[in-house]
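Chemist: Protein chains in written order, with the working numbering: chain A, 5 to 276; chain B, 9 to 243.
Every residue gets a Cβ at the ideal spot worked out from N, C-alpha and C, and that includes glycine.
1) At what residues does the alpha helix (DSSP H) containing residue 181(B) begin and finish?
2) Would you kindly report the start and end of the unbroken beta strand (DSSP E) that includes residue 56(B)?
3) Suppose you measure from the CA of residue 151(B) to the CA of residue 42(B); what does that come to, to the nearest Å?
4) So within the region 165 to 191 of chain A, which uninterrupted beta strand (DSSP E) runs reach at least 3 residues, ignoring any that extend past its ends?
5) Expressed to the nearest angstrom, what Euclidean distance is found between the alpha-carbon atoms of residue 241(B) and residue 197(B)?
6) Kindly give me the distance between the Cβ atoms of residue 103(A) and residue 225(B), rounded to whole angstroms, as I take these residues to be in contact under 8 angstroms.
7) Within the continuous alpha helix (DSSP H) that includes residue 27(A), where are the two ends?
8) What would DSSP say about residue 271(A), mapped onto helix, strand or coil?
9) Cα separation between residue 239(A) and residue 208(A)?
10) So, are the CB atoms of residue 200(A) and residue 87(A) less than 8 angstroms apart?
11) Assess, as a yes-or-no matter, whether the region 107 to 123 of chain A is touched by the region 145 to 154 of chain A under the definition of 3 or more beta carbon pairs within less than 8 angstroms.
12) Report the CB separation of residue 40(B) from residue 86(B) in whole angstroms; it is logged as a contact under 8 angstroms.
13) Would you give the residue range spanned by the beta strand (DSSP E) that residue 148(B) belongs to?
14) Under 8 angstroms, Cβ to Cβ, is there at least one residue of chain B near residue 99(A)?
15) Could you work out which residues of chain B lie near residue 239(A), taking near to mean beta carbons separated by less than 8 angstroms?
16) Check whether the Cβ of residue 110(A) lies closer than 8 angstroms to any Cβ atom in chain B.
17) Of the residues 29(B), 173(B), 16(B) and 34(B), which one's Cα is nearest the Cα of residue 141(B)?
18) Determine contact between the region 218 to 230 of chain A and the region 68 to 84 of chain A, defined as no fewer than three beta-carbon pairs at a distance below 8 angstroms.
19) Determine the chain B residues that contact residue 116(A) at a beta-carbon separation under 7 angstroms, and present them in chain order.
20) Starting from the beta carbon of residue 136(B), find every residue of chain A whose beta carbon is closer than 7 angstroms, and list them in chain order.
21) Return helix, strand or coil for residue 105(A), following the three-state DSSP convention.
22) Could you have a look at residue 74(B) and say whether DSSP puts it in helix, strand or coil?
23) Go ahead and pull the three-state DSSP assignment for residue 202(A).
24) What does the alpha-carbon distance come out to for the pair residue 109(B) and residue 50(A)?
25) Since residue 138(A) contacts residue 60(A) with CB under 8 angstroms, what's their CB separation in whole angstroms?
26) Which residue comes first and which comes last in the beta strand (DSSP E) that contains residue 223(B)?
27) What residues in its chain sit with their C-beta under 7 angstroms from that of residue 163(B), if we drop five residues either side in the sequence?
28) Judging by CA-CA distance, which residue of 82(A), 229(A) and 230(A) is the nearest neighbour of residue 106(A)?
29) List the residues of chain A whose Cβ lies closer than 7 angstroms to the Cβ of residue 103(B), in chain order.
30) Is any beta-carbon of chain A found at less than 8 angstroms from that of residue 100(B)?
31) Could you tell me which chain A residues have their CB closer than 8 angstroms to the CB of residue 106(B), listed as they occur along the chain?
32) Kindly indicate which three-state DSSP category residue 231(A) falls into: helix, strand or coil?
33) Which value, in whole angstroms, describes the spacing of the CA atoms of residue 227(A) and residue 89(B)?
34) Opposite residue 55(A) in the DSSP bridges: which residues?
This is the structure we're talking about:
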C-alpha cells in the first residue's frame, strides 16, 4: 500500500451509463419503477418554534406500498426533515446529512444550525442535477431562532413561514393560506398542521392513512408519531368465519388411493 | 501522496526484528503527560494531567479527553496533534458504521478500526507512525470496557492501565488498589490518587481532566466544579 491515504470521493451524478441505458430502452427494456412517496408534507413556524407534519402513505404507482411509513426524518436533536419524492432518495440523503451534522457537532462542540443542514442538502442535490428525487421540508430551532425551509430536487431552496410539498401540497396549502397567522400557539399550530395534512389525505390519492407531527422548540423536540389516525381499519370479526358442513354443494367425488408405501427392511451389508 | 522520493516505507525492520520507528514512537508516548483509566463494575473512568506550557495559556480552550460517540470516550499520552487526527478519523468511522448497519458501533469494533488506522501508518509510504497511545473507554451491550491502543496498532483490554511519564509508578499503584467489584466513584477516587502520586506541583481541578461513563451509557467530561468535589473527597 504505497502512498495512498484518504482520497476524498468525487461526488455528483455519474453520466457513464446513460448511453447504455438509452440503448437498452430503445431495444425495448422496461425501465424499472421505483417507490415514490406521493405525499403531503407541511411545516409552519409558530410562536415558540416550528411544527412539521406528514401523511404516512407510500405508493408504487397505483398501489399503496406502505400504509404507515415514516416521512419525518431525524437530522439532529433540534432539526427534523420531511421528505417527498422517491422514498429511497429522501431516506438516503437525510441519513447522510444527519451523519455529517453529527461529525460537525463533534468537531465544533456546538448545536447544529438549520442553515448548515440546508446547505449540506442543497449542495448534494445540486451536484446530482435533480436525479436524486428528494423534495424536502426542513425545520428546526437553533441558537439563531426557528427556521423553516423547502428544498427542491434540483437544489434550490426557499425560506418560508409556512410550506407544503408533495402531491397533496395544493390541498394542504389551501388550508394554510386561509388559516395561517403569525404568533400561533403550540396547540393552534398542531391543529393547523393536522388540518392541512388531513386535507391532503382526503383529497389527494397519493396521500393517505395517518398524520405524523413533529414539534420543535428551543431545547425540546416532540416527535408525535401517528398523532391522528383518521383512517382506522374496520376489521372483520376477530373470531373468523365458521363454515357449517353442507354449506357448499358437492358436485362430484373422485377418490384416488395413494401408492402403497414401499416396505423398508434392513438387509445384509453389501458384499465387498 | 508524498514526494516520489519518499514513497517507500519509513518503518522498516531492524536486524533484530524490531521496527525502530515504533520504538521511538513509544518513547514519544512515554515522555508525554501521564494518563490512566480504570474499569469499574458499573462504568469506566479515564483521567489525565493537563499541564499547560505556561500560565498564560487559556486552560478552558484545551480539552484532552474527547468523545468519539455518545457512549465512547478517549484520552491519550503523547503528541496532541496526532491525537486530533485519530479522533477525527475514529468519529468518521463510527458514523460510517452506523450508516451501514444502523447500529451504534460496539466498543471493540471502534477500537479495532482505530488500531487498523494506526497500523496503516506503520506500513505505508511517506508517513510516520502516530506518536500517541490511546485509552478508549466505552459502555455498550458488553458492559463497561477499557482498551489501550499503541502506535504499532496493537490493542489490549485492561481492567486498569496507565501511560506516559509516570507509567511504572502509576501501574504499581493501580495494581495495589484495584479490586474487581470496584464502584465507579471509588474508581474516580483511585484515579485521582494515582495522578497525584506522580504529580509535579499542586493538583487542582484546573490541571487534570477526568472523563466518566456510567451505566446510562453517556460519556461525560467532568466540569472543573465536579472535579473539585471529588478532589475534596479524596483529601
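Modeler: Considering the structure as presented:
1) Position 173 of the second chain, counted from the first residue, corresponds to residue 181(B). 175 to 185 is the span of the alpha helix (DSSP H), which, as asked, contains residue 181(B).
2) Counted from its first residue, the second chain places residue 56(B) at position 48. Start and end: 51 to 57.
3) Within the second chain, numbered from 1, the residue matching residue 151(B) stands at position 143. Within the second chain, numbered from 1, the residue matching residue 42(B) stands at position 34. Taking the straight line joining both Cα atoms gives about 26 angstroms.
4) 166 to 169
5) Locating residue 241(B) in the second chain gives position 233, where the first residue counts as 1. Locating residue 197(B) in the second chain gives position 189, where the first residue counts as 1. Taking the straight line joining both Cα atoms gives about 8 angstroms.
6) Looking up residue 103(A) in the first chain gives position 99. Looking up residue 225(B) in the second chain gives position 217. Wrong, their Cβ atoms sit about 20 angstroms apart, outside the cutoff.
7) For the purposes of this step, residue 27(A) is identified with residue 23 of the first chain, where counting begins at 1. For residue 27(A), the enclosing alpha helix (DSSP H) has its first and last residue at 22 to 30.
8) Counting from one through the first chain, the residue named residue 271(A) turns up at place 267. For residue 271(A), the three-state secondary structure derived from DSSP is coil.
9) For this step, residue 239(A) is matched to residue 235 along the first chain. For this step, residue 208(A) is matched to residue 204 along the first chain. Taking the straight line from one Cα to the other gives about 24 angstroms.
10) Position 196 of the first chain, counted from the first residue, corresponds to residue 200(A). Position 83 of the first chain, counted from the first residue, corresponds to residue 87(A). Going by C-beta atoms, residue 200(A) is not nearer than 8 angstroms to residue 87(A).
11) yes
12) In the second chain, the residue the question calls residue 40(B) occupies position 32. In the second chain, the residue the question calls residue 86(B) occupies position 78. Rounded, the Cβ-Cβ distance is 4 angstroms, consistent with contact.
13) Position 140 of the second chain holds residue 148(B). Start and end: 140 to 148.
14) Here residue 99(A) is taken as the residue at index 95 of the first chain, counted from 1. Chain B, which has a Cβ nearer than 8 angstroms to the Cβ of residue 99(A), makes this yes.
15) Within the first chain, residue 239(A) is the residue found at index 235, counting from 1. By Cβ distance, chain B contributes nothing, its closest Cβ being about 32 angstroms from residue 239(A), past 8 angstroms.
16) Counting from 1 along the first chain, the entry for residue 110(A) is found at position 106. Answer yes: the Cβ-Cβ gap between residue 110(A) and chain B drops below 8 angstroms somewhere.
17) Here residue 141(B) corresponds to residue number 133 of the second chain, with the count starting at 1. Checked all of 29(B), 173(B), 16(B) and 34(B); the closest Cα to residue 141(B) is 34(B).
18) yes
19) Taking the first chain and counting its residues from 1, the one referred to as residue 116(A) is at position 112. Result: empty, since nearest Cβ-Cβ is about 14 angstroms, beyond 7 angstroms.
20) What you label residue 136(B) is simply residue 128 of the second chain in a count that begins at 1. By Cβ distance, chain A contributes nothing, its closest Cβ being about 13 angstroms from residue 136(B), past 7 angstroms.
21) Looking up residue 105(A) in the first chain gives position 101. DSSP places residue 105(A) in helix when its eight states are reduced to three.
22) Taking the first residue of the second chain as position 1, residue 74(B) is located at position 66. In this structure, residue 74(B) counts as strand in the three-state DSSP scheme.
23) Taking the first chain and counting its residues from 1, the one referred to as residue 202(A) is at position 198. Of the three classes helix, strand and coil, the one that applies to residue 202(A) here is helix, per DSSP.
24) Along the second chain, one-based indexing puts residue 109(B) at 101. Along the first chain, one-based indexing puts residue 50(A) at 46. For residue 109(B) and residue 50(A), the distance between alpha carbons rounds to 37 angstroms.
25) What you label residue 138(A) is simply residue 134 of the first chain in a count that begins at 1. What you label residue 60(A) is simply residue 56 of the first chain in a count that begins at 1. So it is not a contact: roughly 18 angstroms between Cβ atoms.
26) On the second chain, residue 223(B) is found 215 positions in, with the first residue counted as 1. Here residue 223(B) belongs to no beta strand (DSSP E), and DSSP marks it neither H nor E.
27) Position 155 of the second chain holds residue 163(B). Cβ contact annotation for residue 163(B) (same chain, cutoff 7 angstroms, sequence separation greater than five): 119, 123, 155, 156 and 157, in chain order.
28) What you label residue 106(A) is simply residue 102 of the first chain in a count that begins at 1. Ranking 82(A), 229(A) and 230(A) by Cα distance to residue 106(A) puts 82(A) first.
29) Here the question's residue 103(B) lines up with position 95 in the second chain. In chain order: 103, 106 and 107.
30) Taking the second chain and counting its residues from 1, the one referred to as residue 100(B) is at position 92. At least one chain A Cβ lies under 8 angstroms of residue 100(B).
31) Here residue 106(B) corresponds to residue number 98 of the second chain, with the count starting at 1. Those are 103, listed as they occur along chain A.
32) If you number the first chain from 1, residue 231(A) lands on position 227. If DSSP states are grouped into helix, strand and coil, residue 231(A) belongs with the strands.
33) By one-based count along the first chain, residue 227(A) stands at place 223. By one-based count along the second chain, residue 89(B) stands at place 81. C-alpha separation (whole angstroms): 40 angstroms.
34) Counting from 1 along the first chain, the entry for residue 55(A) is found at position 51. BP columns for residue 55(A) point to 48(A) and 219(A).
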